[in-house]
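Chemist: Read in order, the letters of the sequence shown correspond to residues 1 to 276 in this note's numbering.
Glycine is no exception: its CB is placed at the ideal position from the N, C-alpha and C atoms.
From a predicted model like this one, the values you see are computed outputs, not experimental measurements.
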Amino acid sequence: MERGILDHRYELLEHIGGGGMADVYKAHDTILDRMVAVKILHAQLANDEEFLEKFRLEAKGAARLSHPNIVGIYDVGHDVDKYYIVMEYIAGETLKKKVQREGCLSVEEALRIAKEIARALREAHANNLVHCDIKPHNILVTPDGRVKVADFGIARAVTSSTMTYNGNVIGSVHYFSPEQAKGTKVTPKSDIYSLGVVLYEMLTGSLPFTGETTVSIALKHLQEEPKPICQHNHKLPPMVEAIVQKAMAKEPGDRPSSDEMIEDIQHTERFLGFEG
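Put into structure tokens, the structure is as follows:
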């Protein structure tokens with residue numbers, strides 16, 4: 001979609017991103033006179049009534065979340081055949097781009113970012129919302145270092161729908177929990193596993209599992225243990241390795257809750273002298 005006015009309100013200014021489910025635009029809310037981000041669903045999703053019903057329900061739930069580490073949802077609607085969601089506009093870059101640019105992050109910064117993501121998850125899980133697609137592409141980092149988790153609601157709606165989109169798995173298999181890889185029930189502990197993968201990538205600059213196909217990667221999540229992070233960098237503290245290992249446990253019951261993960265990170269930060 002080119003520049004124009006969506007629903008007689010949102011002036012689309014610039015295409016700023018997109019993926020398997022939607023395109024994202026920087027836009028001007030002409031009624032409230034503020035900058036927003038508008039995510040317009042792809043036609044395949046917009047034409048699926050089952051998905052749209054779940055999308056509306058999940059978006060309503062996500063809109064109730066108010067937290068400094070969560071991208072706020074302002075509006076959901078449709079204009080003719082275009083279904084959209086209006087969100088808080090965040091200046092900055094995705095965590096994926098940051099890691100690609102820097103190679104890997106310092107232990108201090110990686111732990112701080114993981115802690116802020118876990119705080120966002122704690123808020124969502126307390127409100128019975130599971131993200132289902134935690135990955136660096138959905139995590140925004142502002143120029144002053146603040147962390148915002150985006151896309152609560154959309155991934156969950158796809159996960160709970162029986163549809164398949166373009167014959168592909170929605171979300172990135174590199175960050176899938178074992179239960180997502182099996183296609184079984186997703187729980188808050190699934191988000192914790194994905195956060196463990198994100199932390200692994202921040203610390204090492206590498207993904208724990210790669211492969212030629214989505215199936216081969218999914219099987220590794222189910223059957224293999226990742227290469228220890230200390231083998232990527234022998235200077236990484238064992239306490240940090242333990243946080244990653246616990247989060248990436250194969251069995252959901254062996255993973256910490258978001259609250260427990262925050263406590264583990266804070267304890268490690270204090271031990272390493274990262275907090276005053």
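Check for me: the alpha helix (DSSP H) holding glutamate 116 runs from which residue to which?
Modeler: Stepping through the sequence shown from its first residue, residue 116 is reached at position 116. From DSSP, the alpha helix (DSSP H) with glutamate 116 extends over 107–126.
Chemist: Taking buried to mean at least 16 other C-beta atoms within 10 Å of its own C-beta, is arginine 122 buried or exposed?
Modeler: One-based indexing of the sequence shown puts residue 122 at position 122. Burial call: buried.
Chemist: Under DSSP, the beta strand (DSSP E) around arginine 255 begins and ends at which residues?
Modeler: To locate residue 255, count along the sequence shown from 1; it is residue 255. First-last for arginine 255: undefined, no H or E at that position.
Chemist: For glycine 167, which residues of its own chain have a beta-carbon under 8 Å away from its beta-carbon, when the five flanking residues on both sides are left out?
Modeler: Within the sequence shown, the letter at position 167 stands for residue 167. Its pLDDT being 37, under 50, glycine 167 is placed unreliably in this model, and the value from its coordinates should be taken loosely. Cβ within range, chain order: n/a, list empty.
Chemist: For a minimum of 3 consecutive residues, which ranges assigned as the beta strand (DSSP E) are wholly contained in the stretch 23–68?
Modeler: The stretch 23–68 contains these whole beta strand (DSSP E) runs: 34–41.
Chemist: Mapping DSSP to helix, strand and coil, what is valine 169?
Modeler: Numbered from 1 along the sequence shown, position 169 holds the residue referred to as residue 169. Confidence at valine 169 is low in this model, with a pLDDT of 46, below 50, so its placement is unreliable and no value can be given for it.
Chemist: Determine the contact status of isoleucine 217 and valine 173, defining contact as a CB-CB distance below 8 Å.
Modeler: Taking the sequence shown and counting its residues from 1, one reaches residue 217 at position 217. Taking the sequence shown and counting its residues from 1, one reaches residue 173 at position 173. For isoleucine 217 and valine 173, yes; Cβs fall inside 8 Å.
Chemist: At which residues does the beta strand (DSSP E) containing histidine 15 begin and terminate?
Modeler: One-based indexing of the sequence shown puts residue 15 at position 15. Per DSSP, histidine 15 belongs to the beta strand (DSSP E) from 10–18.
Chemist: Would the beta-carbon of valine 76 fall within 8 Å of that of alanine 120?
Modeler: The count along the sequence shown starts at 1 and reaches residue 76 at position 76. The count along the sequence shown starts at 1 and reaches residue 120 at position 120. Going by C-beta atoms, valine 76 is not nearer than 8 Å to alanine 120.
Chemist: Do you know offhand how far histidine 15's Cα is from leucine 207's?
Modeler: Locating residue 15 in the sequence shown gives position 15, where the first residue counts as 1. Locating residue 207 in the sequence shown gives position 207, where the first residue counts as 1. C-alpha separation (whole angstroms): 28 Å.
Chemist: For aspartate 75, which beta-bridge partners are listed by DSSP?
Modeler: Position 75 of the sequence shown, counting from 1, holds the residue named residue 75. Bridge partners of aspartate 75: Val86.
Chemist: Just verifying my parser: in three-state terms, what is the DSSP assignment at isoleucine 70?
Modeler: As a working mapping, residue 70 is identified with position 70 in the sequence shown. Three-state result, isoleucine 70: strand.
Chemist: How is the beta strand (DSSP E) around isoleucine 5 delimited, first residue to last?
Modeler: Against the sequence shown, residue 5 aligns to sequence position 5. Per DSSP, isoleucine 5 belongs to the beta strand (DSSP E) from 4–6.
Chemist: Use the C-beta contact count for lysine 135: other C-beta atoms within 10 angstroms, 16 or more gives buried, fewer gives exposed.
Modeler: Translated into the one-based positions of the sequence shown, residue 135 becomes position 135. Classification for lysine 135: buried.
Chemist: For tyrosine 89, which of Phe176, Lys189, Val71 and Tyr83 has the nearest alpha-carbon?
Modeler: Position 89 of the sequence shown holds residue 89. Answer by Cα proximity: Val71.
Chemist: Is the number of C-beta pairs between the stretch 105–116 and the stretch 229–240 that are closer than 8 Å three or more?
Modeler: The stretch 105–116, when compared against the stretch 229–240, does touch it at the 8 Å Cβ threshold.
Chemist: Tell me, please, which residues DSSP counts as bridged to isoleucine 139.
Modeler: On the sequence shown, residue 139 is found 139 positions in, with the first residue counted as 1. Per DSSP, Val149.
Chemist: Considering only DSSP beta bridges, list what glutamate 93 is partnered with.
Modeler: For the purposes of this step, residue 93 is identified with residue 93 of the sequence shown, where counting begins at 1. DSSP output for glutamate 93 lists Val141 as bridge partner(s).
Chemist: Tell me the DSSP secondary structure of threonine 164 in three-state form.
Modeler: Start at 1 with the first residue of the sequence shown, and residue 164 comes out as number 164. Residue confidence is low: threonine 164 scores 40 on pLDDT, short of 50, so the model does not pin down where it sits. Its coordinate-derived value is still stated next. Of the three classes helix, strand and coil, the one that applies to threonine 164 here is coil, per DSSP.
Chemist: Considering only their Cβ atoms, is the gap separating tyrosine 10 from valine 86 smaller than 8 Å?
Modeler: Numbered from 1 along the sequence shown, position 86 holds the residue referred to as residue 86. Numbered from 1 along the sequence shown, position 10 holds the residue referred to as residue 10. The answer is yes: Cβ separation under 8 Å.
Chemist: CA-CA distance, glutamate 201 and lysine 96?
Modeler: For the purposes of this step, residue 201 is taken as the residue at position 201 of the sequence shown. For the purposes of this step, residue 96 is taken as the residue at position 96 of the sequence shown. Computed Cα separation, rounded: 9 Å.
Chemist: So, at 6 Å on beta carbons, what are the nonlocal neighbours of methionine 293 in its own chain, with the 5 sequence-adjacent residues on each side left out?
Modeler: The structure shown does not extend to residue 293, since the chain is modelled only from 1 to 276, so the question has no answer here.
Chemist: What's the gap between the Cα of leucine 32 and the Cα of glycine 4?
Modeler: Along the sequence shown, read from residue 1 onward, the residue named residue 32 stands at position 32. Along the sequence shown, read from residue 1 onward, the residue named residue 4 stands at position 4. Rounded to whole angstroms, leucine 32 to glycine 4 spans 17 Å at the Cα level.
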